[in-house]
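**Q** Per our numbering: the sequence shown = residues 16 to 186.
Heads up, the beta-carbon is just placed ideally off N, CA and C, and yes, glycines get one too.
The following block contains the structure, expressed as structure tokens.
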Amino acid sequence: MPTINFTVDGKPVSVNADNNEELLWVLRDRLGVNSVKYGCGVGLDGVCTAIVNGQAVRTCITPVGSVAGGHVTTVAGLSDGEHLHPVQQAWVDNDVAQCGYCQAGQIMSAVALLNKNPHPNDDDIDKAMAGNLCRCGTYFRIRTAIKQVAAGKYAPGGEAKPTANTVYYAK
Ligand code: FES
């Protein structure tokens with residue numbers, strides 16, 4: 016088996032795996048990275064979404080060999096120490112999650128969208144988030160949270176004000 020090197024949430028990793036093994040299972044079973052979640056297993060619900068080299072990908076259908084030398088970010092890699100990423104904070108403040116099953120993937124798709132397009136319109140949001148299904152129907156709160164981040168609410172000097180339970184992004 017080849018040795019495949021890449022980074023996960025900024026840390027270098029090295030794993031012996033078949034190039035065709037799905038990234039999801041390499042992360043979870045070989046590397047102990049459980050912040051990436053198992054949903055449908057066939058790339059249809061977006062639960063397993065991570066960001067690879069800037070792109071939101073379905074890790075359950077991504078061969079690990081394709082990420083060699085690359086950078087994988089999971090929801091656990093978004094925060095800066097104790098400071099949540101703006102998208103995470105918007106999710107908290109809007110109580111986006113219901114059962115939570117889909118939310119790691121939803122957040123990663125939202126982050127990938129905002130990294131590419133900091134001011135998405137409704138169509139942009141619909142297109143970017145279309146592959147992330149939510150059986151609880153949290154779509155309205157997801158859209159609200161994305162729009163608040165896009166409007167700068169969580170940027171330094173933005174309108175969001177700390178509360179007792181809120182830690183805002185520091186960068
Ligand atoms: Fe329950 Fe999305 S929050 S599936």
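For R156, which three-state DSSP category applies?
**A** Helix, per DSSP.
**Q** By Cβ distance below 7 angstroms, which residues in the same chain neighbour G85 in space, the five residues on each side in sequence not counted?
**A** F21, V67, N68
**Q** Are there three or more Cβ pairs, one per stretch, closer than 8 angstroms when the region 87-100 is compared with the region 120-130?
**A** yes
**Q** With a CB to CB cut of under 6 angstroms and the five nearest residues on each side skipped, what residues in its chain are close to G5?
**A** This structure does not reach residue 5, given that the chain is present from 16 up to 186, and the question cannot be answered.
**Q** From P27 to A119, what distance separates their C-alpha atoms?
**A** 22 angstroms
**Q** Quick check: the region 55-67 against the region 104-122, are at least 3 beta-carbon pairs closer than 8 angstroms?
**A** Because the criterion of three Cβ pairs below 8 angstroms is met, the region 104-122 and the region 55-67 touch.
**Q** Taking a cut-off of 6 angstroms, which residues have a beta-carbon closer than that to any heavy atom of ligand 2, in chain order?
**A** This structure does not include ligand 2; its bound ligands are ligand 1.
**Q** Per the DSSP calculation, I76 is bridged to which residue(s)?
**A** Under the DSSP definition of a beta bridge, I76 lacks any partner.
**Q** Under the rule that 16 or more other beta-carbon atoms within 10 Å means buried, what is H100, buried or exposed?
**A** buried
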